[in-house]
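A quick write-up on the structure given underneath.
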Amino acid sequence: MTRTALLQEDGGLMRGRERFALPLAAALILTLTLTQGCGRAPTEDILPGGIPARTNLHEASGLPSQAVRTVNRNDAGWRLIFHPGNAPDGAEQQAARALCGLERRRVAQIVRLPLDAPSDDPGAAKIDIICA
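So, in structure tokens, the structure goes:
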């Protein structure tokens, strides 16, 4: 008889698999359980300007959600990429006041910038908002 036939005949092959199945399943469950608890709690980090990192900047811009593409803080102030066609009149000034207002500062300047890849998001506009 072949070795495989002998192992199957006396159940050795099946017992070998069963012997490792339970510890392997237990280790997998333990690993998944422990990694779920390792995520960071809600952040208490503060962005430059004293803004909590958990702030929803899209919402804080004051523009409709369908108009806003990107809002981020940079060294000079804020960068906003949005769709003017989906935003109300005066959207640039409105967003600038709202974002600078998060820092309790006034708007010093709004600079319209060219998009790096205008064909990626047709109709979008990019502005830098500088707060005083």
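At position 80 of the sequence shown the residue is numbered 81 (our numbering), and the sequence of numbers has no breaks. Ideal Cβ positions, reconstructed from N, Cα and C, are used throughout, including at glycine. What you are looking at is a predicted structure, and each value in this text was computed from that prediction instead of being measured.
- DSSP lists no beta-bridge partner residue for N87.
- The beta carbons of A109 and S62 sit no closer together than 8 Å.
- The C-alpha of L81 lies about 9 Å from the C-alpha of H59.
- Relative to V69, the option among C132, D129, A125 whose CA is nearest is A125.
- Contact between I128 and E104 is absent: CB atoms are separated by about 17 Å, not below the 8 Å threshold.
- Boundaries for A118: no alpha helix (DSSP H) harbours it, and the DSSP string shows neither H nor E there.
- Counting of Cβ neighbours within 10 angstroms places V72 among the buried residues, the total reaching 16 or more.
- Residue I111 holds the alpha-carbon nearest to the alpha-carbon of G78 among I111, P119, A118.
- Partner residues in a beta bridge of I30, as assigned by DSSP, do not exist.
- According to DSSP, G78 shares a beta bridge with I131.
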